[in-house]
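Input: a single structure, listed below in structure tokens.
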Amino acid sequence: MYGTSLKITPTLNGFETSGPLSARFGLHPKGPQKPDPSPAGWSWDGAELDAWTDRLGFVPVFYGVIPHDRSLVVGNNPLDMIELGVSRAADDRAIAAFLRLGYFLGEDTPFQHMRALPPGGRLRWSGQEPRVSGGHLPTPESERQPASRDDAMDQYIELFRAAIQYRLPGDDGYLLPLTGGRDSRHILLELLRQGRPPERCLTVRPHPGARIDEAGFAAELAERFGLQHVSVVPKRPMIACEFVKNRHTGLLTDEGPWAMMLRDHIAQAHPGSTRLAYDGIAGDSLSASTFLTPARDAMYRSRDFDGIIASLTPLTAQESAIQSMLPRSLQDRLGYAVARERMIDELERHTEAANPFGMFIFWNRTRREIALVPHLLMQGVCDFHTPFLDDDLFDFLSGLNVQKFRLDGGLHQDVIDRAYPEAKNIPYFQKGMGRAGRLPAGAIELLRAIPQLIAWQLRHDPQHASLTVRWAATRLTDRNATRTAPRRMVQYFAHLLSIASFDRETT
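In structure tokens:
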């Protein structure tokens, strides 16, 4: 078991249970922001199950009903729940969209009969149909906009300082995963300002062949302030990281192999303990968003959903490359038309937001994919504070006027420069320097990755090895094989193989 799950089955004499009757996930800030005993979890009192997740739905809790015996399963890892009896049948619409985007939408999972609790979700069940409440928050433009950009920056600075103050570490210290970007730097600089330096900063180095490496940027920042910095080097092969990550994250994300290396390092350095850490999740998507452009904002406001989809799907893989991964029996079931329908349904949900494209990314990519690293993959190794998800800070940033404060993409950078002038000249990693976590396109990289994939299949899942060999032969003889980065293609094929091992119908 890679997570925590509970199965409750009605019987003639009451109920039978398998798993912990109560569970708690996530950390609360010290400020009086929420009344719940923890951001997410459940409690079974012998007659009624009460399960919940946090206001923004970032701490995952899933549920599924088993019709034949009216059991209910609740947990935080879908694959553990499958092992307790939830149907393995695949959700074709959800998987089709995943293959084009790299993350699941709304409350989807890879499985038809399993759902995530929505933001602010609450589930109550006493043997009949589960009653589920909650949903993504409306984020209209705030009626009280900052008077100027300077005013917006000052409010951001003060709200973030309060968010960190609510989440200061105790006497046991903390670890800080540090990248070359803005989010983790903002956290570090504010913790230093409040007199709480980390025990050490950690940066994951990429597997051999990657075109970028952010460790040098993070190390320079740490050195400037006299902090210990550790570069974490890969010890598992890339393919091993993919398959193990898939298991830890319940097949819910194409990202996270780097976090497997971080998890391995911390678990080895601190065996048997759970360390406090900080994660900068949502700093980018709430401040500006790498994905937010004037063109996408305009397309969303004019409801040009096909234009938005066309601008997003090439970021993962070319359609021809996706089709090459699929057996003929799945090419219609998981085809582009199926994915398009599901994506448009989700895009429709965010049209009334102040920042519709940004909130589509926030509620889906950030919440359903990026959040799995601190709240699922690192479970049992680190407990994470996530200060950018502070209630007051979220309400402020999500309600900002897009055209006035966001579209130039510089708000977060300007806030950091104003609040911490002592760090202003320390360089950041920039997107143009390469693609984090992606091997360069080319036949050489394909030749490196595919043997790892086949070897893993022969060792761990031999019944699908022939499928892997057939796909590899197709990719190696396809002149267009290198148009999509080989690591991305191998990631996706590994994901499909993992799904196939749980849904026998797909093979």
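For the sequence shown, our numbering begins at 23 and goes up steadily by one.
Glycine included, C-beta positions come from ideal geometry on N, C-alpha and C.
For residue i and residue j, which I take to be in contact (beta-carbon distance under 8 Å), what is that distance rounded to the nearest angstrom?
i, j, result
"residue 178", "residue 437", "5 Å"
"residue 408", "residue 288", "That belief does not hold up - the Cβ atoms of residue 408 and residue 288 are roughly 17 Å apart, past 8 Å."
"residue 397", "residue 48", "6 Å"
"residue 190", "residue 218", "6 Å"
"residue 368", "residue 386", "7 Å"
"residue 64", "residue 44", "7 Å"
"residue 123", "residue 334", "6 Å"
Mapping DSSP to helix, strand and coil, what is residue i?
i, result
"residue 26", "coil"
"residue 420", "helix"
"residue 279", "helix"
"residue 414", "helix"
"residue 462", "Below a pLDDT of 50, predicted positions are generally treated as unreliable, and residue 462, at 41, falls in that range; the measurement from the model is reported next regardless. Three-state result, residue 462: coil."
"residue 316", "helix"
"residue 334", "helix"
"residue 160", "coil"
"residue 41", "coil"
"residue 154", "strand"
"residue 379", "helix"
"residue 63", "strand"
"residue 188", "coil"
"residue 262", "helix"
"residue 450", "coil"
With which residues is residue i paired in a DSSP beta bridge?
i, result
"residue 251", "223"
"residue 97", "27 and 84"
"residue 407", "300"
"residue 199", "224"
"residue 385", "Bridge partners of residue 385: none, in fact."
"residue 137", "85"
"residue 144", "74 and 155"
"residue 36", "33"
"residue 46", "63"
"residue 174", "BP columns for residue 174 are empty, so no partner."
"residue 125", "275"
Between residue i and residue j, is the Cβ-Cβ spacing less than 8 Å?
i, j, result
"residue 285", "residue 256", "no"
"residue 42", "residue 26", "yes"
"residue 149", "residue 92", "yes"
"residue 89", "residue 138", "no"
"residue 390", "residue 114", "no"
"residue 314", "residue 428", "yes"
"residue 224", "residue 394", "no"
"residue 365", "residue 331", "yes"
"residue 405", "residue 298", "yes"
"residue 272", "residue 100", "yes"
"residue 126", "residue 103", "no"
"residue 477", "residue 422", "no"
"residue 109", "residue 134", "yes"
"residue 24", "residue 270", "yes"
"residue 71", "residue 34", "no"
"residue 254", "residue 283", "yes"
"residue 399", "residue 267", "yes"
"residue 312", "residue 402", "no"
I'd like to know whether the C-beta of residue i is nearer than 8 Å to at least one C-beta of chain B.
i, result
"residue 146", "Among the protein chains of the structure shown there is no chain B, as only one such chain exists."
What I want to know is whether the C-beta of residue i ends up closer than 7 Å to one or more non-hydrogen atoms of the ligand NAP.
i, result
"residue 71", "Inclusion of the ligand NAP in the displayed structure is not the case, the ligand content being empty and no account of it being possible."
Review point. Taking three-plus beta-carbon pairs below 8 Å as touching, is the stretch 113-127 in contact with the stretch 354-361?
Key: A contact exists between the stretch 113-127 and the stretch 354-361.
**Study point:** Stretch-stretch touch, CB-based, cutoff 8 Å, three pairs: the stretch 201-208 with the stretch 233-246
**Key:** With the cut-off at 8 Å, the stretch 201-208 and the stretch 233-246 touch.
**Study point:** Stretch-stretch touch, CB-based, cutoff 8 Å, three pairs: the stretch 304-313 with the stretch 154-163
**Key:** The stretch 304-313, when compared against the stretch 154-163, does not touch it at the 8 Å Cβ threshold.
Practice item. State whether the stretch 377-390 contacts the stretch 306-325, with contact taken as three or more CB pairs (one from each stretch) at a distance under 8 Å. Key: The stretch 377-390, when compared against the stretch 306-325, does touch it at the 8 Å Cβ threshold.
Review point. Taking three-plus beta-carbon pairs below 8 Å as touching, is the stretch 205-220 in contact with the stretch 247-265?
Key: Between the stretch 205-220 and the stretch 247-265 there are three or more C-beta pairs closer than 8 Å, enough to call the two in contact.
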